[in-house]
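Asks: The sequence shown begins at 729 in the working numbering and counts up by one. All residues carry an ideal CB built from backbone N, CA and C; glycine is no exception. Take a look at the following structure, please.
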Amino acid sequence: MSQSQTVAFHTLGCKLNFSESSSLSRILESEGFSQKKFEEQADVYVINTCSVTENADKECRHLVRRIQRKSPESMIVITGCYAQLKPKEIADIPGVDLVLGASEKFNIARHIREFTKGDSAKICSCDIDEVTGFHASYSQADRTRTFLKVQDGCDYNCSFCTIPLARGKSRSDSISNVVAKARELAAQGTKEIVLTGINLGDFGKGDDYYQAAADPLHPNRSAENFFGLVRELEKVEGISRYRISSIEPNLLGNEIIEFVANSDRFMPHFHIPLQSGSNKILGLMRRRYKRELYAERVGLIKTLMPHCAIGVDVIVGFPGETDEDFQETFDFLHSLDVSYLHVFTYSERDNTHALTLKPVVPVQVRNERNKILRNLSFMKLQYFTEKHLGQTRKVLFEKQDRNGMIEGYTDNYIRVTTPLRTEWVNNIVDWKI
Ligand code: SF4
729 MSQSQTVAFH TLGCKLNFSE SSSLSRILES EGFSQKKFEE QADVYVINTC
779 SVTENADKEC RHLVRRIQRK SPESMIVITG CYAQLKPKEI ADIPGVDLVL
829 GASEKFNIAR HIREFTKGDS AKICSCDIDE VTGFHASYSQ ADRTRTFLKV
879 QDGCDYNCSF CTIPLARGKS RSDSISNVVA KARELAAQGT KEIVLTGINL
929 GDFGKGDDYY QAAADPLHPN RSAENFFGLV RELEKVEGIS RYRISSIEPN
979 LLGNEIIEFV ANSDRFMPHF HIPLQSGSNK ILGLMRRRYK RELYAERVGL
1029 IKTLMPHCAI GVDVIVGFPG ETDEDFQETF DFLHSLDVSY LHVFTYSERD
1079 NTHALTLKPV VPVQVRNERN KILRNLSFMK LQYFTEKHLG QTRKVLFEKQ
1129 DRNGMIEGYT DNYIRVTTPL RTEWVNNIVD WKI
């Protein structure tokens, strides 16, 4: 393969996928590829897929068709969660050349070099139980804010979720590696790091992790945990802000909440998945907490940090969710002092326990419930924002948008948009809301 080859990425799904796409593109760049936008002509197109997306299959087919129409000679590589879950299905899509599973995606450069366009689609994958290594990744849309992957995989078995099948067992980076990466990013001018993982609170846990404790380079790894990580990151000079992308309520201990409340660098902002406000449904989902624990976590956060933003994930239309159960979820969320909701409509996934649960909620009812909670979210966000009117908070301004405006977030995640002042880009400014 010549040094002048070009590559374009398209990423579906979560922040972790985006950070991995960034790392894959840096790997290819170091191998002599130059980057193109997905809309442009490229020699190689990489689609990093997601298994959570409802129409993963349709979306993937659609993108492959688009590429083929535009550039029939280009190589098409599919990777990501969906590629791990359904490699054969993807390889059967006309036009797909390479399918890279979880174990092979970081060997992308070698696989591209070894492949000849015109060969039949090649699957490079292995059983998810054999996927053990941890690959550090980070994404950088601009230098202001970086999503840094510190953990991957999940040992939980929530009955609706395919992520453990797509990403494997929980495993993490070492604290010393993450701290070194944070220092490196600070030297490059990054002001804010968003700590990212699949089950972030599980940082430091997992079988592979304990095996790695024998690693002479990291003698104390078996004693590491998420709280230890945040304490060490707090000491890194040059990073002004950290956010915790999402953390399970049962793993968000008092010590972490108290630490954030007293921290200069960890922002008053949590995203805590709830999924349902009904204990019956939480049980069916195999979640590891009850609503009472969730309310307690929110209560402590708001007592220590009344200004703290709290985001909530919630799923509507899970099998067995009656009108009464949904009402319970609505009432619970209504009563909670949270700032916004991310509402997901339940959709069936192959190989999950939830598929066996009855009765199934009709799609129309699922959609109606989604709409009701989205309205509630809108009102919560409005209320949260208005409560801060007149206050002065620190805003980290990011980049200029197309209309000559600039955007940034307060410490507690209120979005501010204002006409551009170039001296504000990547700077923290006291801002009266
Ligand atoms: S905690 Fe549950 S929902 Fe989250 S990745 Fe693990 S199994 Fe999936």
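1. Since residue 1114 is in the alpha helix (DSSP H), which residue starts that stretch and which ends it?
2. Could you check if residue 775 belongs to the surroundings of the ligand SF4, using beta carbon to heavy atom distance under 7 Å?
3. Using CA atoms only, rank isn't needed, just tell me which of 773, 1105, 768 is closest to residue 752.
4. Closer than 6 Å by C-beta to residue 955: which residues in its own chain qualify, once you throw out the five before and the five after it? Chain order, please.
5. If you measure from the beta carbon of residue 1137 to each beta carbon in chain D, is any gap under 8 Å?
6. Which residues bound the beta strand (DSSP E) around residue 1069?
7. Could you check the C-alpha separation between residue 1157 and residue 1033 for me, to the nearest Å?
8. Let's see if you can read the secondary structure: which residues bound the alpha helix (DSSP H) around residue 1147?
9. Can you round the beta-carbon distance between residue 732 and residue 770 to whole angstroms, since I take them to be within the 8 Å contact cut?
10. If residue 737 and residue 766 are in contact, beta carbons under 8 Å, what's the gap, nearest whole angstrom?
11. So does residue 884 have its beta carbon nearer than 7 Å to some heavy atom of the ligand SF4?
12. If you draw a straight line from the alpha carbon of residue 1098 to that of residue 1073, how long is it in whole angstroms?
13. For residue 1062, count neighbouring C-beta atoms within 10 Å of its own C-beta (all shown protein chains included) and say buried if the count is 16 or more, exposed if not.
14. Name the DSSP bridge partner or partners of residue 999?
15. What did DSSP end up calling residue 1118 once you bin it into helix, strand or coil?
16. When burial is assigned at 16 or more other CB atoms within 10 Å of the CB, is residue 1083 buried or exposed?
17. Going straight from the alpha carbon of residue 786 to that of residue 793, what length do you get?
18. In whole angstroms, give me the CA-to-CA distance for residue 739 and residue 749.
19. Enumerated in chain order, which unbroken segments of the beta strand (DSSP E) with a length of 3 residues or greater are wholly contained in the segment 792-817?
20. Find the nearest neighbour of residue 964 within the set 932, 915, 977, 1001, judged by alpha-carbon distance.
Replies: So, from the listed chains and residues:
1. 1091-1115
2. Result no, Cβ not under 7 Å from the ligand SF4.
3. 773
4. Apart from sequence neighbours up to five positions away, the residues of its chain that approach residue 955 with a beta-carbon distance below 6 Å are 983, 984, ordered along the chain.
5. Protein chain content of the structure displayed is limited to a single chain, and chain D is not contained in it.
6. 1068-1073
7. 21 Å
8. It is not in any alpha helix (DSSP H) - residue 1147 instead sits in the beta strand (DSSP E) that spans 1143-1147.
9. About 12 Å; that fails the 8 Å criterion.
10. 7 Å
11. yes
12. 6 Å
13. exposed
14. 1039
15. coil
16. Classification for residue 1083: exposed.
17. 11 Å
18. Straight across, the Cα-Cα distance linking residue 739 with residue 749 is about 7 Å.
19. Those beta strand (DSSP E) runs which fall completely within the segment 792-817 and span 3+ residues are 803-808.
20. The candidate whose alpha carbon is nearest that of residue 964 is 915.
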